[in-house]
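This report concerns only the one structure given below.
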Amino acid sequence: MTTSPAQFLPAPDAAAAAARRALSPLAATTEDSQIRHVASEVWALQAQGAEICNLTIGDFVPAQFPVPPAFMERLADELRAGRTNYTPSDGIPELKKAIADQYRRELGIDFGPGSVVVGAGARPLMWASYLAFLSPGDGFAYGVPSWNTNYYGHIFRCEHLVMPGRAASRFLPTVEQVAEVLPRARMLVLNSPLNPTGTAYRPEELEPVCRAVLAENRRREREGSPPVMMLYDQVYWTLTGPGQAHTHPLALVPELAPYVIYLDAISKSLAATGLRVGWAVVPPHLQATFKTLVGHMGGFAPRPEQHATAWYLAQPELIQADRERMRQGIRARLGLLVETLTGMAAEGLPVEIIRPEGGIYLSVRFDLFGRRLPSGQVIETNEDIRRFLLHEAGLALVAFQAFGLEEDTGWFRISVGAADPAAVVRGLERVRATLKGV
């Protein structure tokens with residue numbers, strides 16, 4: 005006999021009220037990512053047969069950016085070898101050593117394997133960082149636009165110390181903004197190269213920020229109060245733009261070593277978002293706490309992927325060859341966008357870009373405010389612009405509001421991880437024609 009619970013569940017028109025009664029206030033007020041709402045609208049239009057140039061996806065489509073073949077072959081070997089049981093909660097020793105060796109070889113950081121904590125992608129390590137240092141009401145300092153930090157500030161019940169980005173600083177938090185919030189901050193989150201803007205810190209920009217944090221922590225040490233911890237999210241560091249070198253805190257101010265958490269993963273460097281291997285490099289005296297937190301959340305990376313990653317990271321020549329191929333693919337797509345959008349601006353169309361410096365993103369502004377559409381509607385918000393470009397030109401973008409920047413500025417994220425160059429060309433031609441009509 006089959007039991008159907010449907011007769012006992014809330015009716016559709018009562019489901020929302022029932023959820024509110026059941027959920028905690030925190031869960032009931034936590035919003036879903038706005039990017040998913042945009043994606044749902046895009047998928048619905050595609051299902052109706054519309055041709056959409058979808059540049060919303062912060063991921064890699066394997067048809068455009070496959071995981072390196074040598075990595076996949078090694079992963080298959082690990083599966084065939086039956087490596088399918090639990091791992092240590094902070095990662096297998098071989099992978100921790102390979103990560104430490106790569107950081108020493110390429111970034112000049114020599115903490116050793118005892119500073120590495122591995123997780124199922126970078127997100128468990130991000131959560132562990134917040135759990136380790138933040139209590140309700142603590143100051144949580146972050147720039148916007150940025151990926152998910154506004155949501156996490158809500159989840160961890162922090163005081164939001166928001167540093168709104170501006171085009172003049174390429175949307176990166178400035179030392180002046182950081183210095184203003186530091187006295188109230190328990191954690192400072194920085195991301196470079198930055199999702200969603202595709203911009204990256206230069207040494208002369210990051211070093212003053214690091215020195216401000218160091219000065220604040222020396223003051224707090226004299227007082228005996230908890231330090232400001234810096235979470236430095238560098239998951240895109242291997243995908244820097246032409247002539248752009250990745251910079252990071254300890255290369256500039258090594259005295260910050262007790263206060264910096266590095267966040268990293270193979271998700272972007274190997275186009276391996278679904279294989280779920282990430283890590284944090286932490287001060288060694290904090291590693292045991294991170295191991296405990298990741299262990300309790302069950303955020304282990306799968307054993308076959310860990311072994312394959314350990315093998316791969318120990319092949320510097322292979323890494324460099326695969327990385328260069330990936331960079332070329334990203335640069336070709338970003339270059340196509342830059343050339344075409346810059347050409348539109350030269351034609352007098354209301355388009356502005358910030359040239360990309362790293363990652364898979366491009367910042368673009370469509371200054372359509374006050375324009376009257378053929379329907380008679382006057383454009384007033386970013387959402388008006390987004391929907392106009394989607395429905396009239398078949399171009400799908402994500403507004404910076406999805407990343408916490410509240411103002412209607414006309415700025416959007418373009419992502420090329422799923423971009424077919426031919427589809428991009430067609431999409432941009434539609435955009436050019438559409439903009440000429442408003």
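Mapped onto the numbering used here, the consecutive letters of the sequence shown carry residue numbers 5 to 442. Backbone N, C-alpha and C define an ideal beta-carbon position, used for all residues, glycine too. Only a predicted model underlies this, so the values are computations on that prediction, with no experimental measurement involved.
The beta strand (DSSP E) with E356 in it runs from where to where? In the sequence shown, the residue the question calls residue 356 occupies position 352. Taken as a continuous stretch (DSSP letters only), the beta strand (DSSP E) holding E356 covers 355-358.
On the three-state DSSP scale, how would you describe C162? Taking the sequence shown and counting its residues from 1, the one referred to as residue 162 is at position 158. Looking at C162 - three-state DSSP - the assignment turns out to be coil, as it is neither helix nor strand.
If T60 and A48 are in contact, beta carbons under 8 Å, what's the gap, nearest whole angstrom? Looking up residue 60 in the sequence shown gives position 56. Looking up residue 48 in the sequence shown gives position 44. 13 Å between Cβ atoms; not a contact.
I need the straight-line Cα distance from E35 to H41, nearest angstrom please. Counting from one through the sequence shown, the residue named residue 35 turns up at place 31. Counting from one through the sequence shown, the residue named residue 41 turns up at place 37. The straight-line gap from Cα to Cα measures roughly 11 Å.
To the nearest angstrom, how far is it from the Cα of G380 to the Cα of R391? Counted from its first residue, the sequence shown places residue 380 at position 376. Counted from its first residue, the sequence shown places residue 391 at position 387. Approximately 15 Å, taken between the alpha carbons.
8 Å Cβ cutoff met for F137 and A422: The residue labelled residue 137 in the question sits at position 133 within the sequence shown. The residue labelled residue 422 in the question sits at position 418 within the sequence shown. No, the Cβ-Cβ distance between F137 and A422 is not below 8 Å.
Limits of the unbroken alpha helix (DSSP H) element including L129: Sequence index remark: in the sequence shown, residue 129 carries index 125 (1-based). Looking at the DSSP string, the run of the alpha helix (DSSP H) that includes L129 is 127-137.
Going by C-alpha distance, which of G352, S28, G339, P425 is nearest P246? For this step, residue 246 is matched to residue 242 along the sequence shown. The shortest C-alpha separation from P246 is found at G339.
Any chance the region 189-196 sits against the region 228-245, with 3 or more Cβ pairs inside 8 Å? yes
Check the C-beta distance from S150 over to L198 and give it rounded, since I have them as a contact under 8 Å. As a position in the sequence shown, residue 150 is number 146, starting the count at 1. As a position in the sequence shown, residue 198 is number 194, starting the count at 1. Indeed they touch by this definition, with Cβ atoms about 7 Å apart.
Spatial distance of G53 from V46 (CA atoms): Position 49 of the sequence shown, counted from the start, is the residue given in the question as residue 53. Position 42 of the sequence shown, counted from the start, is the residue given in the question as residue 46. G53 and V46: Cα-Cα distance of roughly 11 Å.
My understanding is that V281 touches F294, with C-beta atoms under 8 Å, so please give their C-beta distance in whole angstroms. Locating residue 281 in the sequence shown gives position 277, counting from the first residue. Locating residue 294 in the sequence shown gives position 290, counting from the first residue. So it is not a contact: roughly 16 Å between Cβ atoms.
For F175, which beta-bridge partners are listed by DSSP? Here residue 175 corresponds to residue number 171 of the sequence shown, with the count starting at 1. None, per the DSSP bridge assignment.
Nearest-angstrom Cα separation, counted from G202 out to G363: Translated into positions along the sequence shown, residue 363 becomes position 359. Translated into positions along the sequence shown, residue 202 becomes position 198. So the two alpha carbons sit approximately 6 Å from each other.
From what residue to what residue does the alpha helix (DSSP H) around I113 run? Here residue 113 refers to the residue found at position 109 when the sequence shown is read from its first residue. First-last for I113: undefined, no H or E at that position.
With F304 and T6 assumed to form a contact (beta carbons below 8 Å), what rounded beta-carbon distance in angstroms separates them? Against the sequence shown, residue 304 aligns to sequence position 300. Against the sequence shown, residue 6 aligns to sequence position 2. About 36 Å separates the two Cβ atoms, so there is no contact after all.
Cβ-based burial, A31 [other Cβ within 10 Å; buried from 16]: Sequence index remark: in the sequence shown, residue 31 carries index 27 (1-based). It is exposed - the Cβ of A31 has fewer than 16 other Cβ atoms within 10 Å.
Expressed to the nearest angstrom, what Euclidean distance is found between the alpha-carbon atoms of H395 and A19? Here residue 395 refers to the residue found at position 391 when the sequence shown is read from its first residue. Here residue 19 refers to the residue found at position 15 when the sequence shown is read from its first residue. Their Cα atoms are separated by approximately 31 Å.
Relative to the C-alpha of S38, which residue among E387, K440, V420, A261 is closest? Reading the sequence shown from its first residue, position 34 is the one you call residue 38. This sequence places Gln at residue 38; Ser is not what is there. Answer by Cα proximity: E387.
Work out the CA separation of R109 and A269 for me, nearest whole Å. Working through the sequence shown from its first residue, we reach residue 269 at position 265. Working through the sequence shown from its first residue, we reach residue 109 at position 105. Between A269 and R109, the C-alpha separation is close to 17 Å.
Quick check on DSSP: helix, strand or coil for A403? As a first step, residue 403 is located in the sequence shown; it is residue number 399 there, counting from the start. Correct three-state label for A403: strand.
Rounding to the nearest angstrom, what Cα-Cα distance links Y236 and Q11 in this structure? For the purposes of this step, residue 236 is taken as residue 232 along the sequence shown, with counting starting at 1. For the purposes of this step, residue 11 is taken as residue 7 along the sequence shown, with counting starting at 1. Approximately 50 Å, taken between the alpha carbons.
How far does the beta strand (DSSP E) with V193 in it reach, from first residue to last? Here residue 193 corresponds to residue number 189 of the sequence shown, with the count starting at 1. 189-195 is the span of the beta strand (DSSP E), which, as asked, contains V193.
Contact under 8 Å by Cβ, F175 with G169: Residue numbering aside, residue 175 sits at position 171 when the sequence shown is read from its first letter. Residue numbering aside, residue 169 sits at position 165 when the sequence shown is read from its first letter. In contact: F175 and G169 (Cβ atoms closer than 8 Å).
Determine, using beta-carbon pairs with one atom in the region 309-323 and one in the region 94-106, whether at least three such pairs fall under 8 Å. yes
Buried or exposed for G143, going by 16 or more other Cβ atoms inside 10 Å? Looking up residue 143 in the sequence shown gives position 139. Result: buried.
Between the region 243-261 and the region 351-363, do at least 3 Cβ pairs fall closer than 8 Å? yes
Cβ-Cβ distance between A204 and F69 below 8 Å: Taking the sequence shown and counting its residues from 1, the one referred to as residue 204 is at position 200. Taking the sequence shown and counting its residues from 1, the one referred to as residue 69 is at position 65. No, Cβ-Cβ distance for A204 and F69 is not below 8 Å.
Quick one: what does DSSP say L235 is sitting in, helix, strand or coil? To locate residue 235, count along the sequence shown from 1; it is residue 231. Strand.
Spell out the partners DSSP gives A145 in its beta bridges. Sequence index remark: in the sequence shown, residue 145 carries index 141 (1-based). BP columns for A145 point to L165, L192.
Mapping DSSP to helix, strand and coil, what is R206? Working through the sequence shown from its first residue, we reach residue 206 at position 202. Here R206 sits in coil by DSSP.
If contacts are defined as beta-carbon pairs under 8 Å, then L267 and E309 qualify, I think. What distance do you get, rounded to the angstrom? Within the sequence shown, residue 267 is the residue found at index 263, counting from 1. Within the sequence shown, residue 309 is the residue found at index 305, counting from 1. Actually they do not touch by this definition, with Cβ atoms about 18 Å apart.
Where does R24 land, buried or exposed, given buried means 16+ other C-beta within 10 angstroms? Here residue 24 corresponds to residue number 20 of the sequence shown, with the count starting at 1. It is exposed - the Cβ of R24 has fewer than 16 other Cβ atoms within 10 Å.
Segment contact, 8 Å Cβ cut-off, at least three pairs: the region 363-378 with the region 403-423: yes
So is L254 buried or exposed if we call it buried at 16+ other beta carbons inside 10 Å? Residue numbering aside, residue 254 sits at position 250 when the sequence shown is read from its first letter. Buried, by the Cβ-count rule.
Kindly list the residues whose CB is nearer than 7 Å to the CB of P14, restricted to its own chain and excluding five residues on each side of it in sequence; keep chain order. Stepping through the sequence shown from its first residue, residue 14 is reached at position 10. Result list for P14: A22, in chain order.
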